[in-house]
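Chains as they are written, first to last, in UniProt numbering: chain A, 1 to 299; chain B, 1 to 293; chain C, 1 to 366.
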Amino acid sequence: MTDISAHAHAIAQTRKRTWFKLETVFDHAILILGSLLMLLPLLIMLQTVTTPDLETMKLGPTFTIGTELDDNFRKAMFEASGFSGQNTGMNMLKNSMILGLGFALGKIVIGMMAAYAIVYFRLRFATLAFWLIFTTLLLPLEVRILPSYEIVQQLGMMNTYQGLIIPLIASATATFFFRQFFRSVPEELIEAARIDGAGPIKFFIDILVPLSQTMIAAMFIIMFVYGWNQYLWPTMITTDENMYTLVRGIKQIVQTLEGNNIPEFGRANMLALIAILPPVLVVIFFQSWFVKGLTESDK
Amino acid sequence: MKRAGFSTKWLPILLLLPQLLIIAIFFYWPALHAVTSSFYLQDPFGFGQTFVGLENYTHLTSSVEYLKVAKFTVLFTVLVTFFSLALALLFAVKADKVLRGAKTYRTLLMWVYAVAPPVAGFIGLLMFNQTWGPLSDLFKFFGWDFTLGVNYFDTAFAMIVVSVWKQVPVNFIFFLSGLQSIPRSVREAALLDNRSGTRRFWDITFPLLAPTGFFLLITNITYSLFDTFGVIDTLNKGEPGNNPMTLVYKVFVDGFRGNDLGGSSAQSVILMILVLALTVFQFRLIERRIHYT
Amino acid sequence: MAQVSLDSVRKIYPNGAEAVTPSSFHIEDGEFVVLVGPSGCGKSTLLRMIAGLEDITEGTLSIGERIVNDVDPADRDIAMVFQNYALYPHMSVRKNIAYGLKNRKTPKDVIDAKVAEAAAMLNLNDYLDRKPSQLSGGQRQRVAMGRAIVRDPALFLFDEPLSNLDAKLRNQMRIEIKALQRRLGVTSIYVTHDQVEAMTMADRIIVLNGGRIEQIGTPSEIYHNPASTFVASFMGAPPMNLVAGELSEGILSFAGLDVPMTVDHRGPVTLGLRPEDLFIDAKGPIAMEVDLVEELGAHRLLHGRVEGQQLTVHLAKEIAAKTGPLRLSCDPSHLCLFHPDTGKRMDVRHKATPQARSNTTVESKA
Chain A
1 MTDISAHAHA
11 IAQTRKRTWF
21 KLETVFDHAI
31 LILGSLLMLL
41 PLLIMLQTVT
51 TPDLETMKLG
61 PTFTIGTELD
71 DNFRKAMFEA
81 SGFSGQNTGM
91 NMLKNSMILG
101 LGFALGKIVI
111 GMMAAYAIVY
121 FRLRFATLAF
131 WLIFTTLLLP
141 LEVRILPSYE
151 IVQQLGMMNT
161 YQGLIIPLIA
171 SATATFFFRQ
181 FFRSVPEELI
191 EAARIDGAGP
201 IKFFIDILVP
211 LSQTMIAAMF
221 IIMFVYGWNQ
231 YLWPTMITTD
241 ENMYTLVRGI
251 KQIVQTLEGN
261 NIPEFGRANM
271 LALIAILPPV
281 LVVIFFQSWF
291 VKGLTESDK
Chain B
1 MKRAGFSTKW
11 LPILLLLPQL
21 LIIAIFFYWP
31 ALHAVTSSFY
41 LQDPFGFGQT
51 FVGLENYTHL
61 TSSVEYLKVA
71 KFTVLFTVLV
81 TFFSLALALL
91 FAVKADKVLR
101 GAKTYRTLLM
111 WVYAVAPPVA
121 GFIGLLMFNQ
131 TWGPLSDLFK
141 FFGWDFTLGV
151 NYFDTAFAMI
161 VVSVWKQVPV
171 NFIFFLSGLQ
181 SIPRSVREAA
191 LLDNRSGTRR
201 FWDITFPLLA
211 PTGFFLLITN
221 ITYSLFDTFG
231 VIDTLNKGEP
241 GNNPMTLVYK
251 VFVDGFRGND
261 LGGSSAQSVI
271 LMILVLALTV
281 FQFRLIERRI
291 HYT
Chain C
1 MAQVSLDSVR
11 KIYPNGAEAV
21 TPSSFHIEDG
31 EFVVLVGPSG
41 CGKSTLLRMI
51 AGLEDITEGT
61 LSIGERIVND
71 VDPADRDIAM
81 VFQNYALYPH
91 MSVRKNIAYG
101 LKNRKTPKDV
111 IDAKVAEAAA
121 MLNLNDYLDR
131 KPSQLSGGQR
141 QRVAMGRAIV
151 RDPALFLFDE
161 PLSNLDAKLR
171 NQMRIEIKAL
181 QRRLGVTSIY
191 VTHDQVEAMT
201 MADRIIVLNG
211 GRIEQIGTPS
221 EIYHNPASTF
231 VASFMGAPPM
241 NLVAGELSEG
251 ILSFAGLDVP
261 MTVDHRGPVT
271 LGLRPEDLFI
281 DAKGPIAMEV
291 DLVEELGAHR
301 LLHGRVEGQQ
311 LTVHLAKEIA
321 AKTGPLRLSC
331 DPSHLCLFHP
341 DTGKRMDVRH
351 KATPQARSNT
361 TVESKA
């Protein structure tokens, strides 16, 4: 085996020696181009938030870094647009946080509980429950958006955090994910725990939850990003400016670009940056967990 | 289910209850309601409804506008899916190959995953800004006067570019992880059997990536149909007018703005059937995939 | 400490498959019993029913004086060691061992003392604060043992505990487990598919096949007097030679060998011969064509054919051998006879001077 692979490497090496430079340079060129395509808009936004709006309007993005960062940040975070004067960046940030965290937390807690019941109990209607829950994977919220909206209205949950979060939880992605994971946990673990005298609640808390740490972290990141980035549902459910999230508020941000004589590029781009940064940072910092969670959820 | 599962009766029911309650109220009821109200004509002022059978559906199929939207949706879906997959595959293959800076490239190519679709749309507005947008400038250089939001074709073009930009990272992550899960021994065996790197890619790597590709194909179609709502809404600047839109966007516009609940519900049901068909297709592929590996 | 009794214990799965036919046996206090059989023979199911991890469909199971059919595993006063160790991966060795005691609300100082005692017994003192992932296979198996020991159970259950270890470690752990059991004197039931483990560790062996008990006996009984062709071929490495012979008029004949014996049977018969009961004899009645000499250091195995039937012969290392024709004799008192259809063993009474006639037969043939 080692002989063969060493031989293969040798072949690769001799073959590469002639092509080495050109091919590698080409590979890197493509990757750098791709990275730049991804990065360019971010750089433009970073440049414009430091520049006075008038300058941006006339010249567009340039290579100079201006001095307006503080001012634009202040305008974005603490000055309100709209009629009520309540949707400051700060307030929208708070709402986005609540939506992202609340959604992730709710989804994980409810999903884990349901998955635990399905995998670890002898339940007569387990198959029925399974199908009831997993059918929800088939239809995204978008196709049943109007009736969902009506229900939330009837329940008096318009402009509330529960109205924002709970209907979004009504799909089984996390449940499905944890079911897959629980099924891969060795059978003997529950047997050993039962002989060790652990009941269902003890087993869950002492063994299963600590064992799922990585999975919980991965799910949390994915769900946080998903919740934070929700747009259509918040657009329908929150009419009160006080309840706007950053992503929901983007529409108003766009309108500030349109309406004014001098479009407020600095402020608008700052708000867009603030809407982008938290989920992006989470994804970058917890990259390995996030990738694991994402790619394993389809198995 | 585990062989030695607990036999407690009340606990699992208690554990399942929140999930079942939520999906009953916020999934099954609305889905059912969408189906039933697609057979009714809603009074625009809220005074009752009349049963009209399949009229909402027949009305749709004969509507020139609906067919136009459907056509655009198909074209949009095909283009977005194709370019997102192709670009992601190219980047993944290269990122898997290079030794230096692989991790940096990975990060740079995937962070956009976390950008919300409407924010991506907002970024599109900047890039295609009529006076100084870098992309508009580029097109102007080639003599193409790009007018976002005015010209139907230009707006559609921007929608596709932004949607692809937003989707490449997810595909990239999946392709890269698919590439990295190809066993070393297989690569080495291929290295012994074939001199040409290109041939090795098409003969060995590409077929082994096919399961990932099939999975992503479905995901990308679903993405193009549903998750691009934010991109489209932002690039339309909330004023659809004569601008291009997708089927999902039309459900929203007709139902929420136009108050045509019956017509909108009928559209929802058509989309539901579409998604169900896609999912059944996907499950059959996954079944095949189990045999494959 | 406890006795274990099974009375017509049976297992039928919901899909209708009968994993264990009604089985009865009794295990004495302090006895080490091994359940052995090929995979799928029901040995694990039987063990798991005793542990309470699997429901008993019919019959009664008692541990000590108590019928435990409906008792929760945690309350059966048992400890179990699993094939893949089943250690809790997120807990240190110390916590793994202590977990069962903690759940029983044992006082902390008692737990500490018991963990220390078990760790000393198993040479785990230096590893108490490590996680299972930082241990070798043998060490993990010791931790699993420790977890069982600290509970002072009435009954130890082992479910193929050594099959994940490499051969060398397996031999070593076999001895350790046996010694430990001797020292603690705890009744033990040990499941394995490895007949060497069964032979070396058991006080008594229960051989299972297809959900049925084939034979119960001491290792020596099982080896020398197998109850069926299945047991004969399953126990022993290399297994017993099983060849077709013929019984007529009180004479058993096979390949030039004629042995007078009293059996209530006429016609074809299956003859069982242990490889070590055959020996080279230039004047022997059996003509063998040796195809292969398997050199094992301490001894040699000859593989070949006698009248077209496969035969293996065990030779002491002093005796040289080569491929080609060879003549053999055997000690007829070690012969086993099995019914050709049922495979069951048939009772035999040997007559005196068995070799007399066979020699003349050979000479007349030669």
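Here a beta-carbon is modelled for each residue, glycine too, at the ideal position from N, C-alpha and C.
Assignment of beta-bridge partners to methionine 346 of chain C by DSSP yields C:Leu337. Counting along the chain, glutamine 49 of chain B sits inside the beta strand (DSSP E) bounded by residues 49 to 51. Neighbours of aspartate 27 of chain A across chain B, judged by C-beta separation under 7 Å: Lys94, Lys97, Val98.
The secondary-structure analysis by DSSP pairs arginine 204 of chain C across a beta bridge with C:Val33. Listed by position along chain C, the residues whose Cβ is nearer than 9 Å to that of lysine 251 of chain A form an empty set, because the closest Cβ is around 46 Å away. No Cβ of chain A is located within less than 8 Å of the beta carbon of histidine 59 of chain B. Under the three-pair Cβ rule at 8 Å, the stretch 262 to 281 of chain A counts as touching the stretch 44 to 59 of chain A. Of the other Cβ atoms in all chains shown, fewer than 16 fall within 10 Å of the Cβ of glycine 185 of chain C; this residue is therefore exposed. The beta-carbon separation of aspartate 77 of chain C and proline 153 of chain C, rounded to 5 Å, stays under the 8 Å limit for a contact.
Contacts with chain A at 8 Å (Cβ-Cβ) do not include tyrosine 13 of chain C. Across the stretch 116 to 130 of chain B, CB contacts with chain A closer than 9 Å involve Ala116, Pro117, Pro118, Val119, Ala120, Gly121, Phe122, Ile123, Gly124, Leu125, Leu126, Met127, Asn129, in sequence order along the chain. When DSSP states are grouped into helix, strand and coil, asparagine 220 of chain B belongs to the helix group. Under the 10 Å beta carbon count, phenylalanine 174 of chain B is surrounded by 16 or more other beta carbons and is classified as buried. Pairwise C-beta distances place the stretch 47 to 60 of chain C out of contact with the stretch 245 to 253 of chain C, as fewer than three of them are shorter than 8 Å. For threonine 235 of chain A, the enclosing alpha helix (DSSP H) starts and ends at 232 to 237. Using a Cβ-Cβ cut-off of 7 Å, lysine 292 of chain A is close to nothing in chain C; its nearest Cβ partner there is about 17 Å away. No Cβ of chain A is located within less than 8 Å of the beta carbon of glycine 272 of chain C. Spatial neighbours of glycine 217 of chain C in its own chain (CB-CB distance under 7 Å, excluding positions within 5 residues in sequence) are listed in chain order as Arg204, Ile205. Taken in chain order, the members of the stretch 137 to 168 of chain A whose beta-carbon sits within less than 9 Å of a beta-carbon on chain B are Leu137, Leu138, Leu139, Pro140, Leu141, Glu142, Val143, Arg144, Ile145, Leu146, Pro147, Ser148, Tyr149, Glu150, Ile151, Val152, Leu155, Ile166, Pro167, Leu168. Contact note: lysine 2 of chain B reaches chain A through Val119, Tyr120, Glu187, Ile190, using a C-beta cutoff of 7 Å and chain order. Distance between leucine 36 of chain A and threonine 212 of chain B, taken at the CA atoms: about 26 Å. The alpha-carbon separation between leucine 148 of chain B and arginine 179 of chain A amounts to approximately 46 Å. When C:Glu214, C:Cys330, C:Asn225 are compared, the shortest CA-CA separation from glycine 256 of chain C is found for C:Cys330. Residue pairing by DSSP places leucine 36 of chain A in no beta bridge whatsoever.
Interface with chain C (8 Å Cβ-Cβ cutoff): leucine 101 of chain A is excluded.
Taking a Cβ-Cβ threshold of 7 Å, the residues of chain A close to tyrosine 99 of chain C are Asp196, in chain order. Under the Cβ criterion (8 Å, minimum of three pairs), the stretch 146 to 153 of chain A does not count as touching the stretch 104 to 114 of chain A. Using beta-carbon distances, asparagine 91 of chain A does not count as an interface residue toward chain B, since no partner is under 8 Å. When Cβ pairs closer than 8 Å are counted between the two stretches, the stretch 162 to 174 of chain A is seen not to touch the stretch 38 to 52 of chain C, the count staying below three. Under the DSSP assignment, histidine 26 of chain C falls in the beta strand (DSSP E) whose first and last residues are 18 to 27. By the rule that beta-carbons nearer than 8 Å mark a contact, leucine 128 of chain A does not touch chain C. Inclusion of leucine 141 of chain A and proline 234 of chain A in the CB contact set at 8 Å is not warranted, their separation being larger than that value. Going by beta carbons, leucine 192 of chain B and methionine 38 of chain A fall outside the 8 Å limit.
Between phenylalanine 82 of chain C and chain A, the shortest Cβ-Cβ separation is below 8 Å. Going by C-alpha positions, serine 37 of chain B is about 36 Å away from tyrosine 113 of chain B. Per DSSP, the beta bridge partners of proline 260 of chain C are C:Ile251.
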